[in-house]
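Q: There's a structure below that I have some questions on.
Numbering (our numbering), first residue to last: 125 to 667.
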C-alpha cells in the first residue's frame, strides 16, 4: 500500500509541478489571505507588512509572465484602473481585487484553492480556539436580537458578520476541493449546516446564516444536476443582472412603496442606506472619497459600494467580465465554480466583502483565470509572446527538501485517514462522550456573573440607565458578582445587562466546552485508531 501511495503521489507531482510564476502568486495569495484571516486590516502594521510582501511577489510575477496582446491588454487595463481607483478614493479594495484577478495568468485554480484551504482553515480554527480558551475574545457588540439584548462575538474579526462570512469562505475552499459525490457529499453538507448553526450561536448574523444556507443549497442543486437545461442556463445567467438591478434600482423607489419598505426592513435598512449614496452623492468615472459626518452611514451592498467608491469605469468592466465568466462556466458545466460565484454574487447584495480590502471574494480567481487563460477573442495564429523573460515558466527543482517533506506529510495523513475511516464509529463515540462530559461539567460548575456591564458605544440604543465607573467602582462590581467587559475609563458610559443576556452566555459556555472536549475526544480516537492499525500491521493482519 505504501509503495502504491508513493507512486500515486509521484504521478500527481509530475502533473502538478509548480512553476516560478505559480509559486510567486501562491505566496501573494497565501500571505494576503493569512492577514485577513487573522483579522488585520488597513492601517495595522502587520497588515501593511503582509501587503508589502504580497504585492512584491505579485509585482515580480507580473514582470516574469509572458502575455499575448489580449492578455497584456486585460492586465494593463485592469491594473491601471485599480491604481486609479485607489488614488481617487484612497481605498485599496479595488486594487487588491484587481491584483488577485490579473495575477491568475498561467496559475492553476486548484493550486490556489489548496493554498487557500490550508491557510484559511488554519487561521479560522486558531481564531475559534483563541476565543474558546480566552486568549482573544475579539470585538463584542450588544444588539437587540430575537427580542432580547444578546452579545455578538466577532472571534477576532472586525465584525460578527465578518466572522460568519469567513465561515462561508472556508466552505468555498473545502467544497471546491472535495471529491465526494452522492450520499457522502450530502453528509458533508449536513455537517456544514451544523457548523452554520454553531457559528450563528456566537455571531447572531442572520445575513451570514442565510448566505451560508444559499451557498450550500447551490452546492447540492448543482450536484444533483449533471447537465443544465436551457431554462436553467438562462436563470443562472440572470443572477448577476438581477442582483445589479435590485441593488441599484430598488433603493430609488420612493419611501412608502410597499416593496421598498418590506425589503428595507428585511435587509436591516440597507436599502435606505444605499438610497442616500445613490441620490445624495454623485457617480464618478474613477472613484471618490466620502466625507461623512454620520459614522452610521455605510454601504453594505457590494455593488453600490464599488460603483460609488471606485467609479463607473472599473465597475462596468468588472461586471461585464463577471457576466462572460459565468457564461463560460455554464458552457463548460463547471458546477463547483458556479456555486461559489453565484453564492458570492448573491451575498454581495447585503454584504460589502466582494470589492473591499477583505480579500474574501475568491470568485475573482475564476474571472481572472477566464480572462487571462481561457478567453481568446483575437482569432489569429502564431500570436507573438510579449514578455521580459521566460524565467516564470520554469518548473521548480525536483526532489527538493520541501517536496520530500510534503510527500511524507501526505503519506502520513493518508495513512491516518485510512485508519480513522476503519474506526469511525469509535472516534464518533469518543467525540460525543467527551463533548457531553465537557458541556455538562461546564453547565453544572460554571460560576456565571449576575450581570454584565459593557460600554454604551458597542450597544444598540437603549433607554436604560447609564453608569459611569472609576477603577474602585469596577473592582466593587466584580466583587459583588458582576462582570465588567471592555472597560475604557471612568468617562465612558456603560450599560447593565442581566437575565437573558447572562443565560445565553452560560449556554454558549456549555457549547464551547463541548466543542473543546469533543475535539480532544476526536484526536484521542484518531490516535487509538492509528495505534491499532500499527498493531495489526506488525501481527501480519494488515494487507
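For every residue, glycine included, the Cβ atom is placed at its ideal position computed from N, Cα and C.
#1: Excluding sequence positions up to five away, which residues of its chain have a Cβ less than 6 Å from the Cβ of residue 682?
#2: Using the C-alpha atoms, what's the distance from residue 309 back to residue 350?
#3: Excluding the 5 residues preceding and the 5 following residue 567 in the sequence, name in chain order all residues of the same chain whose CB lies nearer than 6 Å to its CB.
#4: Looking only at C-alpha atoms, which of 175, 639, 430, 331 sits nearest to residue 555?
#5: Okay, do the region 640–654 and the region 279–289 touch, 3+ Cβ pairs below 8 Å being the bar?
#6: Residues bridged to residue 277 by DSSP?
#7: Nearest to residue 630 by alpha carbon, out of 325, 619, 188?
#8: So which of 217, 457, 378, 473 has the shortest CA-CA distance to residue 334?
#9: Give me the DSSP bridge partner(s) of residue 575.
#10: Could you check what DSSP says for residue 506 in three-state terms: helix, strand or coil?
#11: May I ask you to report which of helix, strand or coil DSSP gives residue 490?
#12: Roughly how many whole angstroms lie between the Cα atoms of residue 84 and residue 160?
#13: Alpha helix (DSSP H) containing residue 477: first to last residue?
#14: What's the gap between the Cα of residue 571 and the Cα of residue 577?
#15: Let me know if residue 498 comes out buried or exposed under the rule of 16 or more other beta-carbons within 10 Å of its beta-carbon.
#16: Go through its chain and collect everything with a Cβ distance to residue 505's Cβ below 7 Å, but skip five positions before and after it.
#17: Per DSSP, what kind of secondary structure is residue 519 in: helix, strand or coil?
#18: Could you work out which residue in 279, 174, 217 is closest to residue 480 when comparing CA atoms only?
#19: Within its chain, find whatever has a CB closer than 6 Å to the CB of residue 224; leave out the 5 residues flanking it on each side and keep chain order.
#20: Taking the runs of the alpha helix (DSSP H) that are 4 residues or longer, which of them lie wholly in the region 160–240?
#21: Can you find the residues in the same chain that come closer than 8 Å, C-beta to C-beta, to residue 267, ignoring five residues on each side of it along the sequence?
#22: Assuming residue 367 and residue 469 form a contact by the criterion Cβ under 8 Å, report the distance between their Cβ atoms to the nearest whole angstrom.
#23: Distance, Cα to Cα, residue 372 vs residue 445?
#24: In three-state terms, what does DSSP make of residue 592?
#25: Using a 10 Å radius around the Cβ and a threshold of 16 neighbouring Cβ atoms, would you call residue 605 buried or exposed?
#26: When you compare only the Cα positions, how much space is there between residue 339 and residue 401?
#27: Whole angstroms is fine: what's the gap from residue 386's alpha carbon to residue 147's?
#28: Going by other Cβ atoms of all chains shown within 10 Å of its Cβ, with 16 needed for buried, is residue 655 buried or exposed?
#29: Roughly how many angstroms separate the alpha carbons of residue 322 and residue 343, rounded to a whole number?
#30: Look at the alpha carbon of residue 426 and the alpha carbon of residue 332, and state the distance between them as a whole number of angstroms.
#31: State the DSSP-derived secondary structure class of residue 352, mapped to helix, strand or coil.
#32: Give me, in chain order, the residues of the same chain whose beta-carbon lies closer than 8 Å to that of residue 515; leave out the 5 immediate sequence neighbours on both sides.
#33: Could you check what DSSP says for residue 143 in three-state terms: helix, strand or coil?
#34: Relative to the C-alpha of residue 337, which residue among 296, 632, 348, 252 is closest?
#35: Where does residue 362 fall in DSSP's three states?
#36: Identify the residues that DSSP records as bridge partners of residue 620: which are they?
A: On the basis of the data shown:
#1: As displayed, the chain neither begins before 125 nor continues past 667, which places residue 682 out of reach and without an answer.
#2: If I take the Cα positions, the gap works out to 15 Å.
#3: By the criterion of a C-beta distance shorter than 6 Å, residue 567 is surrounded in its chain by 634, once the five residues flanking it on both sides are discounted.
#4: When each option's Cα is compared against that of residue 555, the closest is 639.
#5: Taking 8 Å as the limit for Cβ pairs, the verdict is that the region 279–289 does not touch the region 640–654.
#6: Listed as beta-bridge partners of residue 277 by DSSP are 264.
#7: For residue 630, the nearest C-alpha among the options comes from 325.
#8: Checked all of 217, 457, 378, 473; the closest Cα to residue 334 is 473.
#9: In the DSSP output, where bridge partners are listed per residue, residue 575 has 606.
#10: Only weak support exists for where residue 506 lies, its pLDDT of 46 falling under 50; the coordinates are left without a value.
#11: If DSSP states are grouped into helix, strand and coil, residue 490 belongs with the helices.
#12: Because the chain spans 125 through 667 in this model, residue 84 falls outside it and cannot be assessed.
#13: Where residue 477 is concerned, there is no enclosing alpha helix (DSSP H), given that its DSSP letter is neither H nor E.
#14: So the alpha carbons of these two residues sit roughly 17 Å apart.
#15: Exposure of residue 498 is indicated by the presence of fewer than 16 other C-beta atoms within 10 angstroms of its C-beta.
#16: Because residue 505 carries a pLDDT of 46, less than 50, the predicted location of this residue cannot be relied on, and no value is offered for it.
#17: Under the three-state reduction of DSSP, residue 519 is assigned to strand.
#18: Closest by alpha carbon: 217.
#19: So the list reads 488, once near-sequence residues are dropped.
#20: Qualifying alpha helix (DSSP H) stretches, in chain order: 169–188, 193–213, 217–226.
#21: Closer than 8 Å at the Cβ level, and outside the excluded window around residue 267, lie 273, 274, 276, 328, 583, 584.
#22: Sure, about 6 Å apart at Cβ, within 8 Å.
#23: If you draw a straight line from the Cα of residue 372 to the Cα of residue 445, it comes to about 18 Å.
#24: Here residue 592 sits in coil by DSSP.
#25: Flag for residue 605 reads exposed.
#26: Rounded to the nearest angstrom, the two C-alpha atoms are 29 Å apart.
#27: Cα to Cα, the separation comes out at about 49 Å.
#28: Exposed, by the Cβ-count rule.
#29: Roughly 20 Å separates the two Cα atoms.
#30: Spanning the two alpha carbons is a distance of roughly 15 Å.
#31: Three-state DSSP puts residue 352 in coil, outside helix and strand.
#32: The beta carbon of residue 515 lies closer than 8 Å to those of 144, 188 in the same chain, with the five residues before and after it left out.
#33: In this structure, DSSP gives residue 143 an extended state, which the three-state scheme calls strand.
#34: Nearest option by C-alpha distance: 296.
#35: Looking at residue 362 - three-state DSSP - the assignment turns out to be coil, as it is neither helix nor strand.
#36: In the DSSP secondary-structure assignment, residue 620 is bridged to 577.
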